[in-house]
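Note that my numbering has the sequence shown beginning at 1, numbered continuously upward.
Just so you know, even glycine gets a beta-carbon here, dropped at the ideal spot from N, CA and C.
Since the model is a prediction, treat every value here as computed from it, not as a measurement.
Working notes, structure below.
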Amino acid sequence: MNRMHHVLLAGLFVVGSFSEAGSVQANGGSFFGMSPIGQSLKALAQLPPVWEKKLSASDSGDACNSSRFICVMGGQAVRDNETGLVWEASPDFVNFRPQGSALLSCANRITGGRMGWRLPSLHELSSLVDPSVADSGPRLPVGHPFTNVQAHYYWTATGRSDEPGSAWGVNFREGSVVSDGKPAQHLVWCVRSAGPVTTY
Numbered sequence: 001m002n003r004m005h006h007v008l009l010a011g012l013f014v015v016g017s018f019s020e021a022g023s024v025q026a027n028g029g030s031f032f033g034m035s036p037i038g039q040s041l042k043a044l045a046q047l048p049p050v051w052e053k054k055l056s057a058s059d060s061g062d063a064c065n066s067s068r069f070i071c072v073m074g075g076q077a078v079r080d081n082e083t084g085l086v087w088e089a090s091p092d093f094v095n096f097r098p099q100g101s102a103l104l105s106c107a108n109r110i111t112g113g114r115m116g117w118r119l120p121s122l123h124e125l126s127s128l129v130d131p132s133v134a135d136s137g138p139r140l141p142v143g144h145p146f147t148n149v150q151a152h153y154y155w156t157a158t159g160r161s162d163e164p165g166s167a168w169g170v171n172f173r174e175g176s177v178v179s180d181g182k183p184a185q186h187l188v189w190c191v192r193s194a195g196p197v198t199t200y
């Protein structure tokens, strides 16, 4: 009996199946060999690292082509090579919204001709903060390619488990994590990724 199991590698669903015999079958029916342990571990080891090292945003002299940040989608978005997340290059700096409206705003966002945007989690948004930057402006890495980022509070999709009426945000003036009541009006910075998303 050749039972098939779905394969999940580093949080990405592989379109195909893994048999007890150690082969992977793609949806089209073709097989490619893979030892159950050796080749799987090698493939995982070859995946690009994320979240584990600090990359420079100012090493190339080109804000859109540094080790950390690459401008994509015709310059309307920025890929962060530390996390693999894609951010709006120029988030809305005019419209302050309650958290519920912020969630909907990102879900409806079209940037770079693409939908699929969402409000980031607390950990995702705080990954952009550079605590070494002075707190007079947005605390982003020196040399970053973003425009219109304000030294203000931005909503995240992460609610407070101990206070259901509140949610977490990031204050880019102080580089701090803060919470506020969901009806409060704050800015929105949308993100796009291939990984698991926050359900809301």
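In the structure shown, the three-state DSSP call for Ser105 is helix. Check the Cα spacing between Gly116 and each of His123, Leu125, Cys106 and Gly175: the tightest is with Cys106. Of the candidates Gly100, Arg109, Asn148 and Ser56, the residue whose Cα lies closest to the Cα of Gly159 is Gly100. Put simply, the region 164-179 touches the region 141-153. At least three CB pairs are less than 8 Å apart. Taking the CA atoms as reference points, Asp62 sits about 14 Å from Pro141. When the beta-carbon positions are compared, Leu85 and Ser67 stay at least 7 Å from each other. DSSP places Leu125 within a helical segment (H, G or I) once states are collapsed to three. Here Glu82 is not near Val191, since their CB atoms are 7 Å or more apart.
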